[in-house]
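Encoded as structure tokens, the structure appears first; notes follow it.
There are 4 protein chains.
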Amino acid sequence: MTVLDKRSAILDSAEVVFSTQAGAATIDEIAKAAGVAKGTVYLYFKSKDELFISLIEERIAAYMKKTQDYLAAAASIEDIVTFLVQLRMEFVVQHFGLLNVLFQAVVPGSAEAQDRIWTASQNAQKPFVEAINRVLGPNDAAMDPQTMVVMISGMADHLVSHRIWEDGFLDAQRSAADVLGFVLPCLRNVYPGR
Amino acid sequence: MTVLDKRSAILDSAEVVFSTQAGAATIDEIAKAAGVAKGTVYLYFKSKDELFISLIEERIAAYMKKTQDYLAAAASIEDIVTFLVQLRMEFVVQHFGLLNVLFQAVVPGSAEAQDRIWTASQNAQKPFVEAINRVLGPNDAAMDPQTMVVMISGMADHLVSHRIWEDGFLDAQRSAADVLGFVLPCLRNVYPGR
Amino acid sequence: MTVLDKRSAILDSAEVVFSTQAGAATIDEIAKAAGVAKGTVYLYFKSKDELFISLIEERIAAYMKKTQDYLAAAASIEDIVTFLVQLRMEFVVQHFGLLNVLFQAVVPGSAEAQDRIWTASQNAQKPFVEAINRVLGPNDAAMDPQTMVVMISGMADHLVSHRIWEDGFLDAQRSAADVLGFVLPCLRNVYPGR
Amino acid sequence: MTVLDKRSAILDSAEVVFSTQAGAATIDEIAKAAGVAKGTVYLYFKSKDELFISLIEERIAAYMKKTQDYLAAAASIEDIVTFLVQLRMEFVVQHFGLLNVLFQAVVPGSAEAQDRIWTASQNAQKPFVEAINRVLGPNDAAMDPQTMVVMISGMADHLVSHRIWEDGFLDAQRSAADVLGFVLPCLRNVYPGR
DNA sequence: AATGAATGAGAGTTCATTCAT
DNA sequence: GATGAATGAACTCTCATTCAT
Chain P
24 MTVLDKRSAI
34 LDSAEVVFST
44 QAGAATIDEI
54 AKAAGVAKGT
64 VYLYFKSKDE
74 LFISLIEERI
84 AAYMKKTQDY
94 LAAAASIEDI
104 VTFLVQLRME
114 FVVQHFGLLN
124 VLFQAVVPGS
134 AEAQDRIWTA
144 SQNAQKPFVE
154 AINRVLGPND
164 AAMDPQTMVV
174 MISGMADHLV
184 SHRIWEDGFL
194 DAQRSAADVL
204 GFVLPCLRNV
214 YPGR
Chain G
24 MTVLDKRSAI
34 LDSAEVVFST
44 QAGAATIDEI
54 AKAAGVAKGT
64 VYLYFKSKDE
74 LFISLIEERI
84 AAYMKKTQDY
94 LAAAASIEDI
104 VTFLVQLRME
114 FVVQHFGLLN
124 VLFQAVVPGS
134 AEAQDRIWTA
144 SQNAQKPFVE
154 AINRVLGPND
164 AAMDPQTMVV
174 MISGMADHLV
184 SHRIWEDGFL
194 DAQRSAADVL
204 GFVLPCLRNV
214 YPGR
Chain C
24 MTVLDKRSAI
34 LDSAEVVFST
44 QAGAATIDEI
54 AKAAGVAKGT
64 VYLYFKSKDE
74 LFISLIEERI
84 AAYMKKTQDY
94 LAAAASIEDI
104 VTFLVQLRME
114 FVVQHFGLLN
124 VLFQAVVPGS
134 AEAQDRIWTA
144 SQNAQKPFVE
154 AINRVLGPND
164 AAMDPQTMVV
174 MISGMADHLV
184 SHRIWEDGFL
194 DAQRSAADVL
204 GFVLPCLRNV
214 YPGR
Chain Z
24 MTVLDKRSAI
34 LDSAEVVFST
44 QAGAATIDEI
54 AKAAGVAKGT
64 VYLYFKSKDE
74 LFISLIEERI
84 AAYMKKTQDY
94 LAAAASIEDI
104 VTFLVQLRME
114 FVVQHFGLLN
124 VLFQAVVPGS
134 AEAQDRIWTA
144 SQNAQKPFVE
154 AINRVLGPND
164 AAMDPQTMVV
174 MISGMADHLV
184 SHRIWEDGFL
194 DAQRSAADVL
204 GFVLPCLRNV
214 YPGR
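Protein chains in written order, with this note's numbering: chain P, 24 to 217; chain G, 24 to 217; chain C, 24 to 217; chain Z, 24 to 217.
What follows is the structure in structure tokens.
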């Protein structure tokens with residue numbers, strides 16, 4: 024197992040444990056889940072706070088990486104929004120436990136952790152906002168793109184939370200369709216002619 | 024101070040402390056904030072978990088109480104949705120610290136606490152769903168009302184979180200208008216003719 | 024057992040444990056020795072460092088209390104020096120383990136602890152220095168009183184350390200006589216005519 | 024770098040680190056300061072305790088080496104005492120951090136370490152005691168030479184500690200003169216005619 | 001009913017020591 | 001010989017909970 028593998032193993036275990044136990048996750052459990060000793064966790068992360076922040080930041084970075092190519096080529100608002108919803112659903116299927124933590128402000132840990140996580144999650148929305156601005160061109164649209172991205176993200180997240188809790192699983196396809204079925208027609212209202 | 028007053032004082036202090044300190048809230052702080060001794064908290068709530076659950080359940084109950092009369096008289100989906108959004112914003116202005124905790128699954132405490140809080144927050148949506156069903160009558164609408172309520176709630180919560188973090192305060196009026204400006208036109212698509 | 028008793032019990036146990044184990048003393052051992060739970064120690068002292076500093080400061084304060092009346096009445100340098108040596112020996116019989124720590128700069132704990140302990144131990148010498156200055160009156164003596172107090176203290180401490188380690192006990196009477204037998208004759212040299 | 028060089032490098036670094044950080048010195052820091060890996064320290068010293076003891080013993084051995092020739096030739100008690108005080112001051116200038124540790128019983132580490140260090144420091148006084156005995160010849164002096172060596176060492180050490188803490192540096196010349204100015208006249212009392 | 005001193009299990013963190021490379 | 005990643009026992013400190021008053 025290489026060094027990177029071990030770091031990843033700890034992060035993966037941390038995700039599972041944080042997701043399962045929320046604020047009650049202990050370093051002991053994370054270490055055990057990763058198959059390493061408690062002290063080893065501290066070789067890779069200088070504190071529990073640091074570990075948690077790294078986990079979120081790394082997951083968000085991976086999420087954002089996927090957006091770049093697509094958004095650069097996106098030609099319409101419908102494209103962008105569709106992509107946003109689908110990507111978010113996909114992300115959630117993989118990282119459900121982190122969802123609430125990721126795109127909400129409730130995080131265990133210090134005030135510094137809350138700030139850094141909030142900043143990271145805001146950054147994750149930027150590429151979408153920028154893509155929309157590019158597509159719109161100079162405009163006087165009724166709703167600023169930032170607000171729209173926030174609202175649509177909220178819809179998706181909430182629906183996912185609801186269905187996973189209710190049903191125990193997520194039909195990402197159908198959920199994305201539900202969100203888009205509601206949202207896409209409206210876009211013509213908000214940004215007419217695009 | 025009557026018995027009920029003391030219980031309320033503890034709950035109010037608990038809300039302030041939980042909101043301010045998230046997971047780090049201690050019984051000591053709550054007691055001090057309520058002006059009672061630590062032991063007294065345990066006369067009214069059998070554990071910290073119990074106190075937290077009671078807090079959420081009571082706040083949700085108060086929220087739901089407000090809906091009954093209005094929803095019974097509501098005549099259109101637009102009415103209902105408008106009311107949902109405005110009420111939610113108003114609630115948030117009063118209880119922002121609890122928002123994320125209330126309508127998300129991330130809670131400090133035991134698995135039992137998570138379940139009870141989730142159940143309570145789901146119940147809070149029911150009256151809206153029922154009102155919509157009543158207004159719709161027997162129907163084959165494209166989107167089931169439950170899904171719609173969930174999505175709209177998500178939009179509102181997310182926007183609120185975003186703006187409070189970003190700006191440090193919430194313009195409830197404007198935010199409600201932003202959400203409704205986007206949502207109401209959509210409704211005509213989803214439930215045409217209503 | 025009153026509150027003050029418990030605080031004293033902890034301090035007494037701390038002295039024994041610190042003296043016996045030097046830097047390796049643990050809160051657990053101190054608590055056990057005092058017959059209280061670990062957490063109780065933290066009711067009375069906010070950290071291990073604080074506990075250690077309080078211990079030293081309190082012992083020095085008790086030591087200084089004994090000096091006041093006597094020094095105010097002391098009429099000659101010989102009186103003062105004799106008192107210094109005897110008091111120091113007596114103190115050491117009661118608090119041997121702390122000796123090295125008390126009047127030397129080697130202390131376990133933070134830099135802040137070192138400073139505060141150093142300051143306290145310096146203050147313990149002041150009354151002697153002042154008394155000597157008073158007795159001397161305005162003068163151009165060969166040796167400043169501060170230096171002399173420091174040196175004589177060093178002699179006494181060192182001798183005590185040596186004999187306790189070597190013999191396992193201290194004959195305070197004899198040791199004081201040894202120090203004074205060496206020192207007193209010289210005083211006539213250093214401060215002639217007094 | 025030869026094997027001996029590396030051992031020396033570790034000892035030198037250990038001295039710096041022990042002196043600077045008192046009880047908080049870690050093997051990691053010592054290794055880093057010596058430019059070797061942590062594991063390497065264990066090739067030369069079987070434990071941290073062992074390293075610490077070796078450090079003290081080696082410094083004392085070096086100190087004693089300097090005394091042999093001189094003491095063998097010393098012809099009077101004044102010579103010997105003067106040499107004792109000056110050598111001790113000189114030693115302290117080089118090894119101040121270790122002083123308190125060296126000639127006091129406060130040492131980090133096990134009881135065994137305390138014993139061995141105490142023994143070593145006592146041995147360092149022996150050559151002086153023997154030299155004095157030799158110079159005195161068979162005698163019934165008022166004070167046994169052992170006691171006198173101990174007391175004079177204590178004066179010197181204490182004065183040094185005091186001045187370094189107070190002033191931040193040591194004027195060895197002046198301090199030696201202060202001690203000798205006080206002590207030499209006393210000797211004529213204690214050992215008259217020598 | 002009300003208190004708050006006392007408890008002790010359990011948390012995060014450190015660091016001497018080991019050992020496969 | 002030399003390394004440094006890995007270990008886990010042991011530490012300090014916190015805090016939910018209890019109970020004598």
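Where a beta carbon is used, it is the ideal one built from N, C-alpha and C, also for glycine.
Any beta carbon from chain Z within less than 8 Å of alanine 165 (chain C)'s own beta carbon? Yes - at least one Cβ of chain Z is within 8 Å of the one on alanine 165 (chain C).
Using a Cβ-Cβ cut-off of less than 7 Å, give me the residues of the segment 174 to 197 of chain C that come near chain Z, in sequence order. Listed by position along the chain: Met174, Ser176, Gly177, Met178, Asp180, His181, Leu182, Ser184, His185, Trp188.
Shorter than 8 Å from the beta carbon of aspartate 296 (chain P) to some beta carbon of chain G? In the structure as shown, chain P begins at 24 and stops at 217. Residue 296 (chain P) is therefore absent and cannot be evaluated.
Who are the near neighbours of arginine 227 (chain G) in its chain, counting only those whose CB is closer than 6 Å to its CB and skipping five residues on each side? The first residue shown for chain G is 24 and the last is 217, placing residue 227 (chain G) beyond what the model contains.
Jot down the residue ranges of each uninterrupted alpha helix (DSSP H) in the segment 30 to 61 of chain Z, minimum 4 residues, whole runs only, in chain order. Within the segment 30 to 61 of chain Z, the complete alpha helix (DSSP H) runs of at least 4 residues are 50 to 57.
Between valine 213 (chain Z) and chain C, is there a C-beta pair that is closer than 8 Å? True, the Cβ-Cβ gap to chain C drops below 8 Å.
Assuming contact is defined by CB atoms lying nearer than 8 Å, are phenylalanine 114 (chain P) and serine 42 (chain P) in contact in what I supplied? No. Outside cutoff.
Could you confirm whether any beta carbon from chain C is found closer than 8 Å to the beta carbon of phenylalanine 205 (chain Z)? Yes - at least one Cβ of chain C is within 8 Å of the one on phenylalanine 205 (chain Z).
Please determine, among P:Asp92, P:Leu34, P:Arg82, P:Ala154, the residue with the shortest C-alpha to C-alpha distance to phenylalanine 68 (chain P). Check the Cα spacing between phenylalanine 68 (chain P) and each of P:Asp92, P:Leu34, P:Arg82, P:Ala154: the tightest is with P:Leu34.
Is there contact here, the segment 96 to 108 of chain Z with the segment 204 to 213 of chain Z, by at least three beta-carbon pairs under 8 Å? Contact holds between the segment 96 to 108 of chain Z and the segment 204 to 213 of chain Z, because three or more Cβ pairs, one in each stretch, are under 8 Å apart.
Quick one: what's got a C-beta closer than 6 Å to alanine 32 (chain P)'s C-beta in the same chain, skipping five residues either side? Leaving aside the five residues that flank alanine 32 (chain P) on each side, the residues in its chain whose CB is nearer than 6 Å to its CB run, in chain order, Ala57.
Test item: CB-CB of valine 183 (chain Z) and methionine 112 (chain Z) under 8 Å: Taking 8 Å as the Cβ cut-off, valine 183 (chain Z) and methionine 112 (chain Z) qualify as a contacting pair.
Assuming alanine 179 (chain C) contacts isoleucine 79 (chain C) under a Cβ cut-off of 8 Å, what Cβ separation, rounded to an integer in Å, is found between them? Alanine 179 (chain C) to isoleucine 79 (chain C), Cβ: 18 Å. No contact.
Does any CB atom of chain C fall closer than 8 Å to the CB of valine 116 (chain Z)? Valine 116 (chain Z) does not count as touching chain C.
Can at least three beta-carbon pairs, one atom from the segment 152 to 160 of chain C and one from the segment 152 to 164 of chain Z, be found at a separation below 8 Å? A contact is defined here as three or more CB-CB pairs under 8 Å, and the segment 152 to 160 of chain C fails this definition with respect to the segment 152 to 164 of chain Z.
May I have the straight-line CA-CA distance separating glutamine 109 (chain G) from isoleucine 175 (chain G), to the nearest angstrom? Each residue's CA atom was taken as its position, placing glutamine 109 (chain G) and isoleucine 175 (chain G) some 11 Å apart.
Among Z:Gln117, Z:Ile50, Z:Tyr214, nearest to isoleucine 187 (chain Z) - alpha-carbon criterion: Looking at the Cα atoms, Z:Gln117 is the closest of the given residues.
Taking 8 Å as the threshold (beta carbon to beta carbon), is aspartate 201 (chain P) in contact with chain G? Using beta-carbon distances, aspartate 201 (chain P) counts as an interface residue toward chain G, with a partner under 8 Å.
Once you ignore the five residues that flank glutamate 101 (chain C) on each side, which residues in its own chain have a CB closer than 8 Å to its CB? Counting only Cβ-Cβ distances below 8 Å, and skipping sequence neighbours, we find Leu207, Leu210.
My guess is that glutamate 265 (chain P) and valine 40 (chain P) are in contact by the Cβ rule of under 8 Å, so how many angstroms apart are they, rounded? An answer regarding residue 265 (chain P) cannot be provided, because it is not within the stretch 24 to 217 covered by chain P.
Could you give the distance in angstroms between the alpha-carbon of glutamine 137 (chain C) and the alpha-carbon of alanine 95 (chain Z)? If I take the Cα positions, the gap works out to 41 Å.
Beta carbons nearer than 8 Å to chain G: which residues of the segment 95 to 120 of chain P have them? Residues of the segment 95 to 120 of chain P that bring their beta carbon within less than 8 Å of a beta carbon in chain G are absent altogether.
Are alanine 154 (chain Z) and isoleucine 83 (chain Z) close, meaning C-beta to C-beta below 8 Å? Contact flag unset, no.
If you drop the 5 nearest sequence neighbours on each side, which residues of the same chain put their C-beta closer than 6 Å to that of phenylalanine 126 (chain Z)? Note that phenylalanine 126 (chain Z) scores 44 on pLDDT, short of 50, meaning its location in the model is unreliable and no value can be drawn from it.
Segment limits, alpha helix (DSSP H) that includes leucine 193 (chain C): From DSSP, leucine 193 (chain C) is part of no alpha helix (DSSP H); its letter is neither H nor E.
Let's see if you can read the secondary structure: which residues bound the alpha helix (DSSP H) around lysine 88 (chain G)? The continuous alpha helix (DSSP H) containing lysine 88 (chain G) extends over residues 71 to 96.
For phenylalanine 68 (chain G), does the three-state DSSP call read helix, strand or coil? Coil.
Can you look up glycine 160 (chain P) in the DSSP assignment and give me helix, strand or coil? DSSP places glycine 160 (chain P) outside both helix and strand once states are collapsed to three, so it counts as coil.
Using three-state DSSP, classify alanine 165 (chain C) as helix, strand or coil. Note: alanine 165 (chain C) maps to coil in three-state DSSP.
How many Å lie between valine 173 (chain C) and glycine 62 (chain C) at the Cα? If I take the Cα positions, the gap works out to 40 Å.
At a CB distance below 7 Å, what residues from the segment 132 to 155 of chain C approach chain Z? Give them in sequence order. Trp141: these are the residues of the segment 132 to 155 of chain C whose beta carbon lies less than 7 Å from some beta carbon of chain Z, given in chain order.
Where lysine 71 (chain Z) falls, given that 16 or more other Cβ within 10 Å makes a residue buried: It is buried - the Cβ of lysine 71 (chain Z) has at least 16 other Cβ atoms within 10 Å.
Figure out for me which residue from C:Thr90, C:Glu189, C:Ala54 has the closest Cα to the Cα of lysine 29 (chain C). It is C:Ala54.
Taking only beta-carbon positions, decide if aspartate 72 (chain Z) is within less than 8 Å of chain C. The beta-carbon of aspartate 72 (chain Z) is placed no less than 8 Å from the nearest beta-carbon of chain C.
Considering alanine 147 (chain G), what are the terminal residues of the alpha helix (DSSP H) in which it resides? For alanine 147 (chain G), there is no enclosing alpha helix (DSSP H), as DSSP marks it with neither H nor E.
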